[in-house]
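Student: Residue numbers (our numbering): 49 to 397.
A virtual CB, placed ideally from N, CA and C, is assigned to each residue, including glycine.
Remember, it's a predicted structure, so these values are computed and weren't measured experimentally.
Pasting a structure here, questions to come.
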Amino acid sequence: MKTTFLLSLLFPLMLFAQVPDHPDCFYVMFYNAENFFDIEDNPLKNDDAFTPTGSNRWTYKRMIHKRNQLLKVFFSLGGWNPPPLIGLAEIENEKVLSLLCYQSQLKKFNYHYVYYESPDSRGINVALLYCKDQVEILESTPIPIRFPFDTLSKNRDILYVKTLLYEEDTLHLFINHWTSRYGGYAPTMIKREYYAQVLRNQVDSLLAYNPESAILIMGDFNDYPTDRSIQEVLNAGKIDDSTATLVNLMLKYSALSNVGTHKSGEFWGCLDQMILSRTFFDPQSKLQVDYNSNNIYDAPFLLIPDEKNGGFKNFRTYEGMKYKGGFSDHLPIFVKMERKKSVNNPVFE
C-alpha cells in the first residue's frame with residue numbers, strides 16, 4: 049500500500065525528530081498488540097504455539113517483523129514523535145518490551161516501560177511505554193483479579209500507574225485487558241463485571257481523595273461501551289449524562305454502523321475504550337479533551353479487504369494458522385490532550 053511505502057521512507061527521518069519540551073497538545077494511545085510473544089517456550093505458560101517449532105512457526109524473523117509493525121503504528125499515529133504514553137495489551141514479557149524500547153528506534157526517544165508479570169495462563173499481560181523525557185513515573189502497581197466464584201481462574205492484572213507529565217500535570221492511568229468472551233458472552237459476563245467493580249473501587253478512592261483527579265482508563269475490555277459492566281458497574285457514560293461518574297469517549301460510536309476497533313463477522317464494535325474522569329471536560333482544568341474528537345486510528349495500512357463479509361477488516365498477524373504478517377486484530381485508539389498555559393491549580397493530585 050502507498051501508506052506503508054511512505055512510512056518506510058519517513059522512518060529513518062523520524063530518528064532525527066526532536067521531542068518537544070512542553071507541547072500544547074499530545075497523544076495517549078492504547079493498542080492490543082495481538083500476541084506479541086518472544087520465541088522461547090515458557091514451561092509455566094501456554095505459549096507453545098509461539099515458538100519456532102510450534103503450530104504458528106513463530107521465528108525470530110517474524111518476532112522482529114511484529115516489533116517493526118508496532119513501531120510503524122506508533123510513529124504514524126504520533127507524526128514525527130510517537131505518543132509519550134502508550135498502553136499495550138497481549139505482551140508476553142519484558143523481553144519483547146526490551147525489543148520495543150531499547151533495541152529499536154524508540155531508544156533515541158528515551159522510552160522505557162512499566163510491566164508486571166500476571167498469573168494469566170497464556171502469559172500475556174498489559175504494559176505501559178513512556179517517554180522518560182516527558183513523563184515521570186511516580187507510582188505503579190498491579191491490581192490483582194481473584195474471582196471469589198472461580199478461585200482456580202488465572203487472570204490478567206489491571207496495571208495502575210501514576211505519572212507526572214512535563215513536570216506539571218499528574219495523571220492516573222489504568223490499563224486493562226479483561227476476560228475474553230471465549231466460551232460465550234453470558235458465561236463470561238460475570239467475570240468482566242467483577243473487573244469493572246474492582247476498577248470502580250479504585251476510581252472511587254482516587255475521587256474521594258481529590259474530586260478533580262485526572263484519571264484515564266484504557267484497554268481492551270472485551271465488552272462494548274453499552275454493556276452493563278461498562279455503563280452500570282463502572283458507571284462510564286456520555287458527556288451529557290450527569291449521573292455517570294466517568295466519561296466514555298467510545299460511546300459516541302455506538303450509534304454508528306461499521307465503526308469500531310474490532311470486527312467479528314460483519315460487525316465492527318469498540319471492545320477497546322478510552323474512559324476519563326470529568327476533570328478533562330472542565331474549562332478550568334489544565335488538561336483538556338474534546339469529547340467529539342476522533343479516537344480510533346484506522347489508517348488504511350491497518351486494514352485489508354474483507355472478501356467474506358464485505359468492506360474491510362483488521363490486517364492481522366495470523367488468520368487462523370496462516371501467517372499474514374500484518375499488525376493486529378484490533379485497531380489502536382487514542383486521545384488527544386490539550387494543555388492550557390495558565391490556570392489557578394496547575395497540578396492535579
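Could you tell me which of K388, V307, T327 and F328 sits nearest to D320, measuring between CA atoms?
Tutor: The option with the nearest alpha carbon to D320 is V307.
Student: Check for me: the alpha helix (DSSP H) holding K109 runs from which residue to which?
Tutor: Start and end: Y108 to G126.
Student: Mapping the DSSP letters down to three states, classify Q332 as helix, strand or coil.
Tutor: Three-state DSSP puts Q332 in coil, outside helix and strand.
Student: So, G135 versus F78, is the Cβ gap smaller than 7 Å?
Tutor: Going by C-beta atoms, G135 is nearer than 7 Å to F78.
Student: Tell me whether I112 is buried or exposed, calling it buried when 16 or more other Cβ atoms sit within 10 Å of its Cβ.
Tutor: By the neighbour-count rule (16 or more Cβ atoms within 10 Å), I112 is not buried but exposed.
Student: Quick one: grab the DSSP three-state call for K389.
Tutor: K389 falls in the coil class under three-state DSSP.
Student: Identify, in the order they occur along the chain, each residue of the same chain with its Cβ nearer than 7 Å to the Cβ of D168, setting aside the five sequence neighbours on each side.
Tutor: Counting only Cβ-Cβ distances below 7 Å, and skipping sequence neighbours, we find K202, N203 and R204.
Student: Measuring CB to CB, does N352 end up less than 7 Å from L379?
Tutor: Reading the sequence as shown, one finds Ile at residue 352 and not Asn. For I352 and L379, no; Cβs fall outside 7 Å.
Student: From what residue to what residue does the beta strand (DSSP E) around I263 run?
Tutor: Where I263 is concerned, the enclosing beta strand (DSSP E) stretches over I263 to D268.
Student: Does the beta-carbon distance from S152 to L118 come in below 7 Å?
Tutor: In this structure, L118 does not lie closer than 7 Å to S152 by Cβ.
Student: Taking 7 Å as the threshold (C-beta atoms), are L350 and M322 in contact?
Tutor: No. Outside cutoff.
Student: Look up T99 in the DSSP assignment and say whether it is helix, strand or coil.
Tutor: Coil, per DSSP.
Student: What does the alpha-carbon distance come out to for the pair R170 and N94?
Tutor: Rounded to the nearest angstrom, the two C-alpha atoms are 5 Å apart.
Student: State the DSSP-derived secondary structure class of D217, mapped to helix, strand or coil.
Tutor: Three-state result, D217: strand.
Student: Are K210 and L186 closer than 7 Å when you measure CB to CB?
Tutor: Yes, Cβ-Cβ distance for K210 and L186 is below 7 Å.
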